[in-house]
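Structure, as structure tokens:
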Amino acid sequence: MAHVEFHAVSKTYADGTHAVHRFSLQIPDGEFLVVVGPSGCGKSTLLRMLAGLEAASEGEIRI
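Using the working numbering, the first residue of the sequence shown is number 8, and each one after it goes up by one.
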């Protein structure tokens, strides 16, 4: 497993839509996390940034 850290991560699309704004979270090695929330709140965007499928507009993602 790996330690995962989101530090002040933001994602703004070209049309100006803010999908994620200054999200910070540390997930220690061996921890299990579930991301829940309403449609359009940025859950999939966070996972896509973590997987490297989308670049963050600001901040850092460390694995």
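Built from N, CA and C at the ideal position, the CB exists for glycine as well. As the structure is a computational prediction, the values presented were derived from the model and not from experiment.
Comparing alpha carbon positions, the residue from 65, 52 and 35 closest to residue 42 is 52.
When the alpha-carbon of residue 29 is set against those of 36, 19, 70 and 58, the nearest one is in 19. With a contact defined as Cβ atoms closer than 8 angstroms, residue 69 and residue 12 qualify at about 4 angstroms.
Around the beta carbon of residue 49, 16 or more other beta carbons sit within 10 angstroms, so the residue counts as buried.
For residue 58, no beta strand (DSSP E) segment is defined; the enclosing uninterrupted segment is the alpha helix (DSSP H) at 50-58.
For residue 23, the three-state secondary structure derived from DSSP is coil.
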